[in-house]
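**Q**
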Amino acid sequence: MTAGNQITVEIAVHTIDSALAAEAGGAHRIELFSNPIEGGVTPSEGLIAAVRENVTKPVHVMIRPRGGDFHYSNLEFDVMGRDINMAKRLGANGVVFGLLNQDGTVDMDRTRQLVETARPLAVTFHRAIDLCCDLEKAVDGLVSCGVDRVLTSGGAATAVEGMNCIAKLVCIAADRITMTAAAGIKPENVRQIVRETGVTEVHAALRSTISGPMRFQKSRISFRHAAPGTYERLVVKQEDVRRLVAEAGRP
């Protein structure tokens, strides 16, 4: 947590423009990823480098080789290790990943290996924890793995729905690991979430859909199989980040 009553606000971004908007809006930390339609995957080397060169706030890079579940093959695990080393080389401040066993428990062995690979960077275990069979046991396990931070909605679709569980996890975590509330966090609900759960950090996407600048458009051709359309973009707006930061810091 930052000074005073200020809650640390992390903003998830998938473009260089959104990274700049998040910083200008007052975000304290940026999570960088690609492909929001899939829930986020590892960003390209070029994107990581561009964000690091143009943003002064800490940047944590998502390490996720594909969309879907969080049980990975040996080759996918190898990719994750390579991507962590790439993020380190490019100046990332932290990495964000999550690995599960088929039975819904945290893959402790592989998590420990990736934590070791990532050091001295900060390590966040992302919302894969929300798919665990036992979240409280998962938190204890992540502490033993050396993870620094956990993103969670308390096993619910949104942080608002999972507030009771998040509050329990905050108590279990104590000062051993940081619990960061995530999923559906907006300026309108962030104070309630902070008050009811006791978290000192929140993670938000704040994505808006805007029309792209193309004047010539072919409506019968689409390169996307889900919203938004080919001529639309998902962006983070500076003013939305500013509102969230202001609301999060209100007494």
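Letter by letter, the sequence shown follows residues 31 to 281 in this note's numbering.
Every residue, glycine too, gets a C-beta built ideally from N, C-alpha and C.
#1: What are the start and end residues of the alpha helix (DSSP H) that includes residue 46?
#2: Would a C-beta distance cut-off of 8 Å place residue 190 and residue 223 closer than the cut-off?
#3: Within the same chain, show all residues whose beta-carbon is closer than 6 Å to that of residue 213, passing over the 5 residues directly before and after it, in chain order.
#4: Let me know the beta strand (DSSP E) ranges lying completely inside the stretch 137-183, each 3 residues or longer, listed in chain order.
#5: On the DSSP letters alone, give me the boundaries of the alpha helix (DSSP H) that residue 208 sits inside.
#6: Mind reading off the beta-carbon distance from residue 142 to residue 175? Whole number of angstroms is fine, and I expect it under 8 Å.
#7: Using only CA atoms, which one of 121, 96, 119 lies nearest to residue 109?
#8: Classify residue 62 as helix, strand or coil using the three-state DSSP reduction.
#9: Could you tell me the boundaries of the alpha helix (DSSP H) in which residue 226 lies?
#10: Does DSSP put residue 262 in a helix, in a strand, or in coil?
#11: Indicate the three-state DSSP secondary structure (helix, strand or coil) for residue 37 in the structure shown.
**A** A quick look at the data gives this:
#1: Element bounds for residue 46: 46-54.
#2: Closer than 8 Å, so yes.
#3: Around residue 213, the same chain offers 183, 188, 189 as residues with beta carbons nearer than 6 Å, after the five sequence neighbours per side are excluded.
#4: With a minimum length of 3 residues, the continuous beta strand (DSSP E) runs that stay inside the stretch 137-183 are 152-155, 179-182.
#5: Residue 208 -> not in any alpha helix (DSSP H); beta strand (DSSP E) instead, spanning 208-212.
#6: Correct: roughly 5 Å between the Cβ atoms.
#7: When only C-alpha atoms are compared, the closest one is 96.
#8: Shown here, residue 62 sits in a strand according to DSSP, grouped into three states.
#9: Taken as a continuous stretch (DSSP letters only), the alpha helix (DSSP H) holding residue 226 covers 220-227.
#10: Three-state result, residue 262: strand.
#11: Under the three-state reduction of DSSP, residue 37 is assigned to coil, being neither helix nor strand.
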